[in-house]
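> In terms of my numbering, the sequence shown opens at residue 130 and continues consecutively.
For each residue, glycine too, the CB sits at the ideal point set by N, CA and C.
Submitted below is the structure of interest, expressed as structure tokens.
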Amino acid sequence: MENWAESELGAADFGDKRLTERFVKIATDIAANPEGSVPQASGCWAGTKGAYRFWDNEKVTPERIRESHREQAVERAKEYGAILAIQDTMAVNYATHKTTKGLGPIDAHGTQGVLVHSVLAVSPDGVPCGLVHQQVWSRNKEDLRTKEERKKLPIEEKESYRWLESVEATKNAVSSETHIITVADREADIFELFVLPRPNNMDLLIRATQNRRVQVEDPKLKKLWESVEAAPESSETMTTHLEHKPGVPARDVTFTLQWRTLTILVPSHKKKKYQNVTLTAILVTETEPPEGAEPLSWLLLTSLKVETFAQAALCVVWYRLRWLIERYHFVLKSGCGLENLQLETAERLERALATFCVVAWRLLWLTGSGPAKPLMLLAKQLSRLMNGKPFMLLLIKQMYFHQPPLLCMKLHFWWLNSVVFLLVRVMGNLALKPFGVDCDVWMT
């Protein structure tokens, strides 16, 4: 059987075949032992030395490291006809790395580290296809400005320009035959992003944060939120599952939807450069929050056509998949120990980071959309059917929903094989067919 890293990364071009072979070996080792240090993953001193030399080689650039993976991700995206290009930024904390050169402040406290902005391609049904773009940078402490000073800068000189650059990079990387929907949280509520020229195969789905001036049929309504709140509420509702977060348990949530197409007026200080833009706003409101909790409420802005409840609900479903990039960052930090890397310069760190980013995608795919997915669905279904929480099913839930992913990958899959074996013995092979589990795969 071909090594996943060979098929995914074997085409990487560093101008030296030996470097490509080393790259494949490093990715294979890290994926097999992601929670370990580089020496532990490498397994021997020669392998460890080879990894550090690889990240110190000037022929090895972060872009070359990501390139072959990006090409594979784009090919996977073609199979779906449409992808969600989910953008997000992650701060990598290297505060304990006192001797590493080239780091910069990542927060108001001056904590040292680097910032990473990624575009993760995800299928409309939630399969992570891979990274299609990534930017890594360190802030210069001397260039830090106040909030008022930053407001006066042209968008090209702001850090937020990364959102626009990522849309352009996604457009250039992905086939024009694939429908691209850029999905982002409130940080991407940027007027310049809304008016950025896009080809016909690209759309936006952004969570709003600014109560912008708008224009609708009723002249009394002048602000975004009040305009959408005045739209008729749909008689239908939708229910979705919210994944758990630290201190917040997972739960099913029922939403009502309101939407209307409106014109967002160009900010007064930008009138000379930009025109008004027409988008559809969707207000998503929780109907029955838990006692003592504020109801969830999101306002989404999209260039997608929204005329029916089904179209509005689909936008909500796609926005909900944004949590996958947060999970991806979790895999990088907790599963791969990215912040524990000990390298002398930011340049070496960026090469290592690019390597770990590819491995993290692989682990995300395995835990969320690969071989383990049928078993996770099975665990959920059986918990309902059996009106209880059997020990084995609790173990599956604990491993896949509450622990850092693949910290003990071999142990996880041993447990999964054991679970299927026991279920087949108790329920019979046919009993598992409705859950989409191929017993022949798991019983080998």
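Is it right to say Ser-267 is buried, meaning 16 or more other beta carbons lie within 10 angstroms of its own, or is it exposed?
Buried, because 16 or more other Cβ atoms sit within 10 Å of the Cβ of Ser-267.
> Tell me where the alpha helix (DSSP H) around Phe-384 begins and ends.
Segment 380-393 is the beta strand (DSSP E) holding Phe-384; no alpha helix (DSSP H) there.
> For a test of the three-state rule: what should DSSP assign to Leu-371, helix, strand or coil?
Here Leu-371 sits in strand by DSSP.
> With DSSP run on the structure shown, which of helix, strand or coil describes Leu-450?
DSSP places Leu-450 in coil when its eight states are reduced to three.
> Let me confirm a value: Pro-191 is counted as buried when at least 16 other C-beta atoms fall within 10 Å, else exposed. Which label applies?
It is buried - the Cβ of Pro-191 has at least 16 other Cβ atoms within 10 Å.
> Determine whether the beta carbon atoms of Tyr-403 and Leu-429 lie at a separation below 7 Å.
Going by C-beta atoms, Tyr-403 is not nearer than 7 Å to Leu-429.
> Nearest to Cys-173 by CA position, among Cys-444, Lys-188, Lys-154, is which residue?
Here the closest residue by C-alpha is Lys-154.
> Just tell me which of Pro-253, Val-203, Gln-344, Glu-362 has its CA closest to the CA of Ser-305.
It is Val-203.
> Which class does Gln-241 belong to by DSSP, given the choice of helix, strand or coil?
The answer is strand: DSSP assigns Gln-241 an E or B state.
> Would you say Ser-289 and Gln-216 are within 7 Å of each other, going by their C-beta atoms?
For Ser-289 and Gln-216, no; Cβs fall outside 7 Å.
> Taking one C-beta from the stretch 248-259 and one from the stretch 371-386 each time, how about it: are there three or more such pairs within less than 8 Å?
Output reads no: the stretch 371-386 does not touch the stretch 248-259.
> Please identify the residue among Thr-474, Arg-480, Leu-493, Lys-178 whose C-alpha is closest to the C-alpha of Gly-464.
Closest by alpha carbon: Leu-493.
> Can you say whether Lys-146 is buried or exposed, counting buried as having 16 or more other CB atoms within 10 angstroms of its CB?
Answer is exposed; the Cβ neighbour count stays below 16.
> Which value, in whole angstroms, describes the spacing of the CA atoms of Lys-207 and Lys-270?
Answer to the nearest angstrom: the Cα atoms are 42 Å apart.
> Please report the straight-line C-alpha distance between Arg-151 and Leu-260, rounded to a whole angstrom.
If you take the alpha carbons of Arg-151 and Leu-260, they lie about 21 Å apart.
> Tell whether a beta-carbon distance below 7 Å holds between Ala-483 and Leu-470.
For Ala-483 and Leu-470, no; Cβs fall outside 7 Å.
> Which of the three DSSP states, helix, strand or coil, is assigned to Arg-341?
Three-state DSSP puts Arg-341 in coil, outside helix and strand.
> Does the stretch 215-235 come into contact with the stretch 164-184, if we say contact requires no fewer than three beta-carbon pairs (one atom in each stretch) closer than 8 Å?
With the cut-off at 8 Å, the stretch 215-235 and the stretch 164-184 do not touch.
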